[in-house]
């Protein structure tokens with residue numbers, strides 16, 4: 028008997044749960060003065076100017092009449108924040124060269140640079156984003172300058188940008204700095220080109236007449252000849268015409 032009674036109660040519960048909910052609302056009367064109110068809202072907006080950190084966007088603000096018409100539209104510039112983590116930027120700098128980098132863009136600084144604080148940390152001699160490896164680095168500004176750059180300046184610099192009002196972090200960016208000795212690595216791009224690449228570059232720039240002349244001696248004790256790099260290259264390709 029107990030089993031049948033329990034099953035009867037369990038059978039009633041689903042029916043009770045699926046009963047429609049009927050709620051009666053009283054009629055709301057909108058005052059006449061509210062019907063003529065003009066609202067000012069954003070009808071169009073651009074995307075944020077940056078993908079990370081503090082940027083700006085443009086909003087078109089218009090007054091909307093009760094009839095749905097737009098009037099007195101203006102453009103308004105406001106701050107925006109898509110993501111506060113900006114990742115790692117790499118730089119390779121020769122020893123002795125001046126260099127600088129900033130953790131704030133010129134657009135963001137132009138708003139009100141006094142509204143932000145900057146905290147720098149350094150992982151000396153390492154290129155990393157592991158926050159455990161960073162130690163405090165004293166620099167109250169948004170820019171770090173090397174003048175000149177030394178080998179000891181190599182490492183990863185982390186910059187945190189905060190709002191002074193709330194101390195909220197609005198941007199974090201890492202700068203990986205590699206410092207190389209000028210006597211070990213030559214960064215002159217032109218010197219690393221082959222003859223074919225130099226000739227192709229000269230033809231594109233229309234500079235073949237100014238190509239470097241070199242002296243060569245024909246095998247067999249012939250006289251010294253003066254020719255351009257292009258002419259030497261063509262002679263090597265077609266030795267039968269010598």
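Residue numbers (our numbering): 28 to 269. Virtual Cβ for every residue (Gly too), placed ideally from N, Cα, C.
With respect to 6 Å, is the separation between the Cβ of residue i and the closest non-hydrogen atom of the ligand NAP below this value?
{"i": "residue 224", "result": "Absent from the structure shown: the ligand NAP. Ligands present: none."}
Check residue i in the structure and name its three-state DSSP category.
{"i": "residue 204", "result": "strand"}
{"i": "residue 94", "result": "coil"}
{"i": "residue 77", "result": "coil"}
{"i": "residue 111", "result": "coil"}
{"i": "residue 103", "result": "strand"}
{"i": "residue 226", "result": "helix"}
{"i": "residue 159", "result": "helix"}
{"i": "residue 58", "result": "coil"}
Closer than 6 Å by C-beta to residue i: which residues in its own chain qualify, once you throw out the five before and the five after it? Chain order, please.
{"i": "residue 174", "result": "125"}
{"i": "residue 201", "result": "115, 156, 183, 185"}
{"i": "residue 101", "result": "88"}
{"i": "residue 110", "result": "79"}
Would you tell me roughly how many angstroms separate the C-alpha atoms of residue i and residue j, rounded to the nearest one?
{"i": "residue 189", "j": "residue 176", "result": "28 Å"}
{"i": "residue 58", "j": "residue 89", "result": "24 Å"}
{"i": "residue 95", "j": "residue 82", "result": "32 Å"}
{"i": "residue 1", "j": "residue 209", "result": "Residue 1 lies beyond the residue range present for the chain, which begins at 28 and ends at 269; the question has no answer from this structure."}
{"i": "residue 187", "j": "residue 145", "result": "6 Å"}
{"i": "residue 130", "j": "residue 123", "result": "23 Å"}
Residues in the same chain with beta-carbon distance under 8 Å from residue i, minus the five sequence neighbours each way, listed in chain order, please.
{"i": "residue 72", "result": "84, 85, 86, 87"}
{"i": "residue 68", "result": "88, 89, 91"}
Per DSSP, what are the beta-bridge partners of residue i in this structure?
{"i": "residue 132", "result": "Partner(s): none; residue 132 has no beta bridge."}
{"i": "residue 195", "result": "Paired residue(s): none; residue 195 is not in a bridge."}
{"i": "residue 121", "result": "207"}
{"i": "residue 69", "result": "88"}
{"i": "residue 116", "result": "202"}
For residue i, report the span of its beta strand (DSSP E) as first-last.
{"i": "residue 162", "result": "162 to 164"}
{"i": "residue 146", "result": "143 to 151"}
{"i": "residue 170", "result": "170 to 173"}
{"i": "residue 190", "result": "182 to 190"}
Grab me the residues of residue i's own chain with a C-beta within less than 7 Å of its C-beta, minus the 5 sequence neighbours each way, in chain order.
{"i": "residue 119", "result": "205, 207"}
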